[in-house]
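Participant: One structure is given below, represented as structure tokens, and several questions about it will come after.
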Amino acid sequence: MFLSHLSRVYRYVLASSKKNITTLEEEMKFVASYFHLIKIRQGEAIELYTALSATDLKKGIPPVTLQLLIENAIKHNISTIKQPLKISIESSGEGFILVRNNLQLMKIAYKGTGLGLSNIRKRYELLSGSTPEINDTATSFAVRLPLLNF
1 MFLSHLSRVY
11 RYVLASSKKN
21 ITTLEEEMKF
31 VASYFHLIKI
41 RQGEAIELYT
51 ALSATDLKKG
61 IPPVTLQLLI
71 ENAIKHNIST
81 IKQPLKISIE
91 SSGEGFILVR
101 NNLQLMKIAY
111 KGTGLGLSNI
121 RKRYELLSGS
131 TPEINDTATS
141 FAVRLPLLNF
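Residue numbers for the sequence shown, in this note's numbering: 1 to 150.
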């Protein structure tokens, strides 16, 4: 099972490097395999909740966008069985999805490069002229992503 999910992740990353947009449905299949690998390492210390409309699943998104946001959430937050890191990916109004995680920041802050969010912003600007909305509060970090038409 592990190798099956690992091969799906690598296959998607390689295939997506050749395209600018993929369907949200394809991206979510990739996220399912990626999250399976994360669960092997993190166990019950991390949770993923999804609620996406059938209409939104047919829309577009830059490949690997959701993986970058999940990776950022894991990198910057503590996750334990008693206090799991909770990540949600949900439809958010007409043509948007919301990716959100609870904040449980590490006591010693991880100095990130900022390349993940910067990469996402730049790709959206190039593809659609729009940019994701970021809402960083004391209890959660959320990114509202516009969905793209093919």
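Every residue, glycine too, gets a C-beta built ideally from N, C-alpha and C.
(1) Only counting the same chain, and skipping five residues up and downstream in sequence, which positions put a Cβ closer than 7 angstroms to that of Asp56?
(2) Would His36 and His5 be called neighbours here (beta carbons separated by less than 8 angstroms)?
(3) Below 8 angstroms CB to CB, which residues in the same chain sit around Thr65 once its five sequence neighbours on both sides are set aside?
(4) Scan the stretch 27-69 and note each continuous beta strand (DSSP E) run of 3 residues or more that stays entirely inside, going in chain order.
(5) Is Thr22 buried or exposed, if buried means 16 or more other CB atoms sit within 10 Å of its CB?
(6) Once DSSP output is grouped into helix, strand and coil, what is the label at Asn135?
(7) Around the C-beta of Gly167, are 16 or more other C-beta atoms found within 10 angstroms, so that it is buried, or is it exposed?
Facilitator: This is what the structure holds:
(1) Within the same chain, Asp56 has close Cβ partners Leu24, Ser91, Ile97, Leu147.
(2) Yes; because the gap between Cβ atoms is below 8 angstroms, this pair is in contact.
(3) Answer for Thr65: Glu27, Ile120, Arg123, Leu145, listed in chain order.
(4) Runs of the beta strand (DSSP E) spanning 3 or more residues and lying entirely within the stretch 27-69 occur at 46-51, in chain order.
(5) Flag for Thr22 reads buried.
(6) Residue state, collapsed to three classes: strand.
(7) Nothing about residue 167 can be read from this structure; the chain reaches only from 1 to 150.
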